[in-house]
Amino acid sequence: MPTYPETPSENVVDVLHGEKIADPYRWLEDGDSTETRIWTEQQNAVTEAYLAAAPGRNRIGRRLQELLAIGVLSVPTPKRGRYVYLRRDGRQNQPVLYWRDGVDGEDRIAVDPNAINEVGTTALDWYYPSDDGRLLAYGLSENGNEESVLHLLDLDTGRQLPDRIPRMRAASVAWRPDSTGFYYTRYPARGQVPRGEEPYHRAIYLHRLGTDPAADPLVFQPSEKEHWPGVGLSPDGRWLIISVARTFDQVDLYLQNLESGGELVAVARDLPASFEGEIAHGRLFMRTNLDAPTYRLYAVDPERPDRSNWREIVPPRADAVLESVAVAGNRLALGYLEQASSRLRLTDLDGRLDQDVPLPTLGSLFGFGAEWDGQELFYGFSSYSLPPSVFRIDLAAGRSSLWRQVETTIDPTGFEVGQVSYPSRDGTPITMFLVRRTGLVLDGDNPTYLTAYGGFNISMTPAFSRSLLLWLERGGVVAVPNIRGGGEYGESWHQAGILANKQNSFDDFVAAAEWLIRERYTRPERLAAAGGSNGGLLMGAALTQRPELFRAVLIQVPLLDMLRYHRFLIARLWIPEYGSADDAEQFRWLRAYSPYHHVRKGVAYPAVLLATAESDTRVDPMHARKMAARLQAATSGEHPVLLRLEARAGHGAGKPLSKVQQELTDSWTFVFSELGVEV
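All residue numbers for the sequence shown refer to our numbering, where the first residue is 1 and numbers rise by one.
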């Protein structure tokens, strides 16, 4: 075990709802203090020295460099014969945004973040081409902070327009049909709201090209600072569409007739469900899980949006989740999840079945590209063994063909992908994907990498991972359970793993580990667990509740102090998912599992690597710092507890390839070394 820096333990005690809660490492919450910075630098030095001495580190780094050179590809956005899409080739730090005239035209560079910043820490966060395909709105941010600044580019001339709009994190943008301006979402500047509330108060504005953004008129401000609005427009510019996410599972929908100057009208408000919609062909196509945990699709007349006039055109299915919908000419593209794997179905505009589109294997759709009056549909697909591929359907001919695929020498037949079902603690059946090298013999001693997420209605589906190939090539097994809290089986599956039900997520994950051991895939000494963000919370819970099941635990950008998490950054947005310790009942749920508060003195914990980043604007690095300190002081075992804090990086979005490689080299060196796997 390495020698750790001295870590002062202070007598800090809170009384929450009558219970005394010790917090000896409260001082590590202040990431800007000199003491915390020095301590973190010392922890980083310990981690670097430990991992540098691990066998095979250089070979891991070299192979990851080769694997990460496998490119990145997005689905193109078609706009009047012009196509805009992202692609990363070879060892470029950031994907480049390209455009072309004609589906088979020559690629031209629109935005190259690598040319803007050779270090690679400038990221392209989002982009929105105008309806005529001439102008491009896009957001750039620095060092992983996701604090986007809007830029405008004239694709015809290559000229940058002078308009700049800051504070457009995760922006929603809707161009006016004549390309003279756009509706957009923006956050307040410092001084405009009480200090600390800058990550909230998201609102919708209208910008006209060439005017001062500071004078942009406010279009919509939600009633609560935590509410999250998005904006859209009908193709003719008549109807403004506003969605308001009150929580991750309650989204209201509004319409406004801009032509008549009418008031904002609620299509769906104060209902215990989520709604999203697109207007085309004079109809609002509205996807919702209202009284339908697996989602349904309504057609709504914008002139008569009352619920009594909604017409169901795609009913909910018991065996599949309607995950996505796109209007493509006179077709609807319906993306389903069946047993946590994607399916694609095309119907007419009234939802009548037209055709099922064959997909290559168990895998994941990753986007649609279409125009409401077009004759083509693009869709992306990948799987554990198939790199990102984009297909194009000629809607008139009904034919699907490969448009573009990431080039690689990886042979997809070299890997086996299967799916099993196992019972959780309460008997609920949980599905799990298992990936291994073709022909690998299962002998009970196979090194196994178990990862999951289980939150925010996010689904863990079979998708291509460059770094997992490193593990699979060397005889490792990858296991991905679809635990409760995710979206694999609809909203009821999500609800079964949040708030008072959060322990279900942890039980499902632990049951996966037990199944892998019982079915002789592996044993605890050869089992690693890994997860990030909400998945980092999952790792913290598994570590503190069942430490004997794992040999190594990789905890990335995690939530771990669940009694104080809501006080930092944007975390108040997550109260509907977890609850808040300010509420007595919710405090009891959180106190029952909060990983930081369940570290026990004298327990032999497995090897732990806590990875975080100084520019993370979602999950505060304080979680990883405090957990590292507490585990180092508590463990009675011989395995290391390591902290890795990355400079000039954030939660993960926009991270340059060079930093991704460094992070993955450290992570996989840790896993390979602790499980005793030869490289």
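All residues carry an ideal CB built from backbone N, CA and C; glycine is no exception.
Counting along the chain, GLY335 sits inside the beta strand (DSSP E) bounded by residues 331 to 338. The Cβ neighbour count for ASP178, taken over all protein chains shown within 10 Å, is under 16; the residue is labelled exposed. Taking 8 Å as the upper bound for CB-CB distance, VAL314 and ARG296 are in contact here, some 6 Å apart. Comparing alpha carbon positions, the residue from GLY398, THR413 and ARG644 closest to VAL357 is GLY398. Counting along the chain, the unbroken beta strand (DSSP E) around LYS79 starts and ends at 77 to 79. Assigned with DSSP and collapsed to three states, MET1 falls in coil, not helix or strand. VAL46 sits in a helix when the DSSP states are folded into three classes. In the three-state reduction of the DSSP assignment, PRO423 falls in the strand class. Distances from the CA of ALA396 to each of PHE275, ILE109, ASP348 and TYR593 were compared; the closest alpha carbon is that of ASP348. Distances from the alpha-carbon of ARG208 to those of TRP239, PRO194, ALA174 and PRO229 put ALA174 closest.
Residue pairing by DSSP places ALA203 opposite ARG186 in a beta bridge.
GLY579 and TRP310 have their C-alpha atoms spaced approximately 34 Å apart. A residue is called buried once 16 or more other Cβ atoms fall within 10 Å of its Cβ, and SER33, having fewer, is exposed.
Under the rule that a run must span 3 or more residues, the beta strand (DSSP E) segments found entirely inside the stretch 631 to 672 read 641 to 646.
Nearest in C-alpha terms to THR617, of all of PRO558, ASP236, THR448 and VAL15, is PRO558. Around the CB of GLN632, 16 or more other CB atoms lie within 10 Å, so the residue is classed as buried.
The continuous alpha helix (DSSP H) containing ASP507 extends over residues 502 to 518. PRO229 is bridged by DSSP to VAL244. In the structure shown, the three-state DSSP call for THR157 is coil. Look at the beta carbons and you see the stretch 620 to 632 not touching the stretch 574 to 591: under three pairs across the two are nearer than 8 Å. Going by C-alpha positions, TYR565 is about 16 Å away from ILE498.
With fewer than 16 neighbouring CB atoms inside 10 Å of its own CB, ASN58 falls in the exposed class. Contact between MET432 and ASN482 is confirmed by a C-beta separation of about 7 Å, below the 8 Å threshold. For PHE433, no alpha helix (DSSP H) encloses it; the enclosing beta strand (DSSP E) starts and ends at 429 to 437. Non-local beta-carbon contacts of ASP666 in its own chain, meaning distances under 7 Å to residues more than five positions away in sequence, involve LEU51 and ARG644 in chain order. For MET460, the number of other beta carbons within 10 angstroms of its own is at least 16, and it is reported as buried.
At a cut-off of 4 residues, the continuous stretches assigned as alpha helix (DSSP H) that sit fully inside the stretch 575 to 639 are 575 to 578, 584 to 593 and 622 to 634. Bounds of any alpha helix (DSSP H) do not take in THR451; it lies within the beta strand (DSSP E) bounded by 448 to 451.
Annotated as proximal: ALA69 and ARG91, with beta-carbon spacing under 7 Å.
DSSP places ILE109 in the uninterrupted beta strand (DSSP E) bounded by 108 to 111. Scanning LEU155, VAL406 and TYR184 for the CA closest to the CA of ARG169 turns up TYR184.
Assignment of beta strand (DSSP E) within the stretch 523 to 550, counting only whole runs of 3 or more residues, yields 527 to 532 in chain order.
Leaving aside the five residues that flank ARG186 on each side, the residues in its chain whose CB is nearer than 6 Å to its CB run, in chain order, ARG167, MET168 and TYR205. If you check the CB distance, VAL75 and GLY380 come in under 7 Å. Our two residues, ALA496 and ALA215, have alpha carbons roughly 45 Å apart in a direct line. In this structure, the CA atom of ASN504 is about 12 Å from the CA atom of TYR453.
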